[in-house]
Amino acid sequence: MTIHKPTYFNKINDTLLDNKFHVDDEYNIANNSSLLLEYKHRDLLIQYRQAGESYLLIEYGDSKSPVNLILRMRIHQLQEYLGLITDLTTMKTKPILNGLIDGATAIRSLLIRYDPIRLSQNTLVEYLQTVEKSLSFDDTINLPCRKISLPIAINDHWNKDAVKHYMETIRSKATYLPDNLKFIANNNGITGENDIDQVSNILLEAEWLVIGIGFYLGCPFAIPLNPKHRLSVPKYNPSRTYTPDGSCGLGGNYMAIYPIESPGGYQLFGRTIPTWSTFGTIGHPFTNGQPWLLNMFDIIQFQSVTEEELENLRRLAFAGKYQYQITECTLSLNHFKELNDSNDADLQAFKEKQHLAREDIYEKETQLLEEVDSDRHKNNFDQSSDGSQQLIPQSDDNQKTFYAIVGGVIQSIAVQIEDQVVSDRTILCTIQAMKTDITIKADCDGILNHIFIKLNQLINAGDPLFVIKFQR
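Counting from -14, one number per residue, gives the positions in the sequence shown under my numbering.
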């Protein structure tokens, strides 16, 4: 087989292609891109990307690749071989190569931090290629792990309040509104009077394998070990600005537990006990060195409790009196393979139902988004009663016009015409932008003379908001 050189090369790529690669590998390199090298090895797409001046990102497969727990284990094995797994006792790594610092994994990628003064990009890429070819994958390995039982209140009122807040302030109509659990059922072809019960049973029966930790404050991302339990849903569009701490949600095939009150976009289905202690002060298993609960390859099993029971358990946890149920166990890669290779007829039928349901939901959501965009466009201009656009009063010695400092959606308007406003005290409005509520306050004393905006209006940076007439 002849290996054809791509259109763009640097010195290291020539070296790798001519001397290092297997004849069954395929290569491609893009111009003017962070992509350093792209090739296929044993039918697996592998990409090396420069990420800033001291990071290298290795990606396996592509964004359309199905969830592959075997591949996730392979990435873990590579990280372990390179000595880039942080020892949770010392919080240090033991890199195999001088200049390597540490690494962080995601579902199908490994981000490597290195010192470019001690280790050049060329040397690192060449070394990684050698390791990739030579490192055999032991598919019979058993990993030590932990099984953690967490109480959960399914379909709880805290998350319902968060959804209600979202509908009042961000978006009132969507396929996932007003009931996220109902939407999870619809998107996966689960129908009937007991559809929510069916979804709840799947969520409770599933053994959730943590295959990602991070994003913020030890937030776990987990997927069911058994493909029969893998529900799939799109995320909120746009995201929420508020999610209660301890909330559990689904996005794509993944489940996340929100460690603190925060913005978010996963479809909410329940709430559990704390998985984060900022100062590690609420007792075992939290410490000031490890304020998060869940580690990579932990297995989560939910146990259903009532809202009242959960409230009591959360109080105990925050007081340091709750005994987290953690048992040591073993994760078998052979078990992965058996589940992954299953051709169970029920599983195939479930996947087909999911596919058809997703197509139907996609069409409905597309139509609703068009309606939302149309409504926002209609409300995007402040017009007078005769339909002509009003002139923007100019700031002068007697009044001041306030302009938006950022683009976003008007989430609330806290004042009315003729209201007295006080500098640094009176809140004029809040703007929702990039999962954040931005409060706009008056910076002068006076009387509110004009309001340009409407609730839920989409605005751009620099758009006029208010006119305040100075009070002499």
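Idealized CB from N, CA, C, for every residue including glycine.
Going along the chain, which residues of its own chain have a beta-carbon closer than 7 Å to the beta-carbon of residue i, five neighbours each way excluded?
i	result
residue 263	276
residue 247	228
residue 215	208, 209 and 238
residue 96	36, 40, 42, 88 and 89
residue 427	406, 407, 408, 411, 413 and 453
residue 245	202, 230 and 261
What residue does the alpha helix (DSSP H) around residue i start on, and which one ends it?
i	result
residue 460	Here the chain comprises residues numbered -14 to 457, so residue 460 is not present and cannot be evaluated.
residue 381	No alpha helix (DSSP H) holds residue 381; DSSP gives it neither H nor E.
residue 297	292 to 303
residue 320	318 to 325
Identify whether residue i lies in helix, strand or coil by the three-state DSSP scheme.
i	result
residue 452	strand
residue 72	strand
residue 98	strand
residue 179	coil
residue 59	helix
residue 89	strand
residue 435	strand
residue 418	strand
residue 359	helix
residue -5	With a pLDDT of 39 at residue -5, under the threshold of 50, the modelled position of that residue is not reliable, and the figure given next carries that caveat. Correct three-state label for residue -5: coil.
residue 343	helix
residue 272	coil
residue 190	helix
residue 185	helix
residue 353	helix
residue 457	coil
residue 64	helix
residue 313	strand
residue 348	helix
residue 403	coil
residue 385	strand
residue 306	coil
residue 336	helix
residue 172	helix
residue 54	helix
Determine the closest residue to residue i out of the options, with distance taken between C-alpha atoms.
i	options	result
residue 183	161, 140 and 202	140
residue 199	293, 126 and 242	242
residue 280	197, 305 and 91	197
residue 278	178, 185, 195 and 111	195
residue 158	251, 398, 341 and 223	223
residue 441	405, 393, 427 and 421	393
residue 438	63, 397, 422 and 50	397
residue 324	211, 28, 272 and 109	211
residue 135	87, 434, 445 and 295	295
residue 217	51, 169, 175 and 261	169
residue 226	202, 205, 175 and 151	151
residue 271	55, 202, 122 and 145	202
residue 318	28, 30, 59 and 254	59
residue 132	52, 165 and 287	287
residue 130	432, 381 and 312	312
residue 127	386, 322 and 171	322
residue 418	249, 205 and 297	249
residue 47	54, 173, 32 and 177	32
Terminal residues of the continuous beta strand (DSSP E) containing residue i?
i	result
residue 29	29 to 36
residue 421	421 to 426
residue 40	40 to 45
residue 287	284 to 289
residue 195	193 to 199
residue 262	It is not in any beta strand (DSSP E) - residue 262 carries neither H nor E in the DSSP assignment.
residue 398	393 to 398
residue 24	20 to 26
residue 252	252 to 257
Excluding the five sequence neighbours on either side, which residues of its own chain have a C-beta within less than 8 Å of the C-beta of residue i, listed in chain order?
i	result
residue 167	180 and 181
residue 83	103 and 104
residue 52	92, 208, 215 and 238
residue 384	378, 431, 434, 452, 453, 454 and 455
residue 315	127, 128, 129 and 130
Determine, for residue i, whether the minimum Cβ-Cβ distance to residues of chain C falls below 9 Å.
i	result
residue 453	Note that chain C does not occur in the displayed structure, where there is just one protein chain.
Once the 5 residues before and after residue i are set aside, which same chain residues still bring their CB inside 6 Å of it?
i	result
residue 310	134
residue 462	Residue 462 lies beyond the stretch modelled for the chain, which goes from -14 to 457, so this question has no answer here.
residue 292	138 and 141
residue 299	258
Taking 8 Å as the cut-off, does the CB of residue i come closer than this to any heavy atom belonging to the ligand ATP?
i	result
residue 117	Because no ligand of any kind appears in the structure shown, any question about the ligand ATP cannot be addressed here.
Residue ranges of each beta strand (DSSP E) within the region 92 to 170, 3 or longer: 94 to 99 and 127 to 139
Complete runs of the alpha helix (DSSP H) confined to the region 208 to 248 [at least 4 residues]: none
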